[in-house]
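Here's the structure, in structure tokens; my notes come after.
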Amino acid sequence: MIPIIIDYQVEDVPENWVFPAEKRLQRWLDTALDFLNIEEALEVTVRLVDNDEITELNEEYRGKNCPTNVLSFPCDWEVPEEPRLLGDIVIAVEVVNAEAKEQNKKVEAHWAHITIHGLLHLLGYDHIEETEAEEMESLEKDILARLGFPDPYQEQ
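Note that my numbering has the sequence shown beginning at 4, numbered continuously upward.
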């Protein structure tokens with residue numbers, strides 16, 4: 004297995020923010036790629052943002068003027084060299100932590116879920132149609148189980 008290269012963008016964050024260390028992200032993303040039998044050299048940017056920035060991005064790219072937990076921006080140009088740039092995963096720290104609390108989930112488990120969800124979007128998975136959603140949720144559950152996390156879709 005070739006480890007994914009992560010450009011982890013965590014700059015000027017408030018001291019009270021809770022977010023995973025890069026080593027955890029690495030483990031989660033590598034496990035997902037291994038589960039999916041993806042063996043090519045890949046690179047991804049993971050950027051942590053506040054509610055204001057995620058709201059601006061959500062408005063600009065999805066037409067929704069509200070914060071969301073994660074947005075994925077696939078790289079849409081071909082670069083002939085390795086590693087292949089997959090794109091960007093933008094995660095709203097405040098939203099993810101609030102959701103974990105509201106849904107009575109362990110923060111680390113929710114972070115793993117949201118990170119894997121973002122990666123699956125970069126790999127072309129979606130959840131617009133019901134069959135797509137079922138496939139994506141099934142992959143998320145299986146990858147999270149491999150990591151030792153519970154089913155994120157079960158009531159806590």
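We put the CB at the ideal spot given by N, CA and C, even for glycine.
Taking F22 as part of the alpha helix (DSSP H), name the residues at either end of that continuous run.
For F22, no alpha helix (DSSP H) segment is defined, and its DSSP state is neither H nor E.
Please report the straight-line C-alpha distance between E102 and E133, rounded to a whole angstrom.
Looking at the two C-alpha atoms, the distance is approximately 23 Å.
Look at P153 and A112 and say whether their C-beta atoms are less than 8 Å apart.
In this structure, P153 lies near A112, with their beta-carbon atoms less than 8 Å apart.
Given a cut-off of 8 Å on the beta-carbon distance, is the pair I7 and L45 in contact?
Annotated as proximal: I7 and L45, with beta-carbon spacing under 8 Å.
Any idea what DSSP makes of V13, helix, strand or coil?
In the structure shown, V13 adopts coil according to DSSP, grouped into three states.
Looking at the C-beta of L28, does it have a partner C-beta in chain E at a distance below 8 Å?
Protein chains in the displayed structure number just one, and chain E is not present.
Using the rule of at least 16 other Cβ atoms within 10 Å of the residue's Cβ for burial, across every protein chain shown, is N19 buried or exposed?
Classification of N19: exposed, given that the 10 Å Cβ count is below 16.
Give a yes or no on contact between the region 116-136 and the region 27-44, applying the rule of three or more CB pairs nearer than 8 Å.
The region 116-136, when compared against the region 27-44, does touch it at the 8 Å Cβ threshold.
Beta-carbon separation of L32 and L142 under 8 Å?
Cβ distance not < 8 Å, so L32 and L142 don't count as in contact.
Backbone CA spacing between E42 and T71 [nearest angstrom]
It is roughly 31 Å from the alpha-carbon of E42 to the alpha-carbon of T71.
Provide the residue(s) that pair with D91 in DSSP beta bridges, ordered along the chain.
In the DSSP assignment, D91 is bridged to T48 and F76.
Closest residue to V13 among T48, R30 and P155 (Cα-Cα distance):
Answer by Cα proximity: T48.
Enumerate in chain order the residues of its own chain whose CB-to-CB distance from H120 is below 7 Å, with the five nearest sequence positions on each side excluded.
Sequence-distant Cβ neighbours of H120 in its own chain, meaning closer than 7 Å and more than five residues away, are V73 and E143.
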